[in-house]
Structure formats: structure tokens, C-alpha cells
Amino acid sequence: MGHEITLLVDGMGCRRCVREVSRWLRDVPGVTTVEADAHTSRVRLTGTMRLGDVLDVFTGTAYTPRPGAAPGATVGR
């Protein structure tokens, strides 16, 4: 069964950033959908992905993800 992960991504404030982060996240095993918003810096993922795999995408980048940091954000299990 799938679940949802919502992140607040520091540094993701423009359309180019959204495209880049979305592309990386779509390549994570188990990700079904990626919804990203530059205005809120939020990313919502659905699928069977593991949180660790999602967070690994940001290693060595200019972006800092914070699981559950935004109001109403969730980290699915």
C-alpha cells in the first residue's frame, strides 16, 4: 500500500529549482507522484518509497529537506 511524504525544501524557491528537485525525486524507487511548489517550498510525494531514499537525493545539493516541517505536513510510513 502507498503512502505520502510531505517535505519543506529550503532553497527551492524558483521554477528551475522545482523542475530539478522534481526530476530527482521521480527517479527514487517507489515514487508514484511528485507535486512541488516554489512559492511554499513544499514537495508532496506519493508511492511506496522510503523516507531515507527520498532524503538521500538531497545529499551534496544546495537544498535542505525538512520532513514534516511545514504546517499540516506529514511523513507517511
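Counting with full-length UniProt numbering, you get residues 1 to 77 for the letters of the sequence shown. Glycine residues also receive a C-beta, built at the ideal position from the N, C-alpha and C atoms. For clarity, every value in this text was computed on a predicted model and none was experimentally measured.
Per-residue DSSP class, three states only, for residue i
i     : result
Arg50 : coil
Asp27 : coil
Val57 : coil
Ala62 : coil
Candidates the options, of which the one nearest residue i by Cα
i     : options                       : result
Thr48 : His39, Cys14, Val31 and Thr64 : Val31
Ala38 : Arg16, Leu45, Leu51 and Asp56 : Arg16
Tyr63 : Leu45, Thr46, Cys14 and His3  : Cys14
Ser41 : His3, Gly2 and Glu20          : Glu20
Glu4  : Val43, Arg23, Ser22 and Thr59 : Val43
Whole-angstrom C-beta distance between residue j and residue i, which should lie under 8 Å
i     : j     : result
Val28 : Asp10 : Not quite, the Cβ-Cβ distance comes to about 19 Å (not below 8 Å), so this is no contact.
Own chain, CB closer than 7 Å to residue i, minus 5 neighbours either side, in chain order
i     : result
Arg26 : Val34
Gly2  : Thr32, Thr46, Gly47 and Thr48
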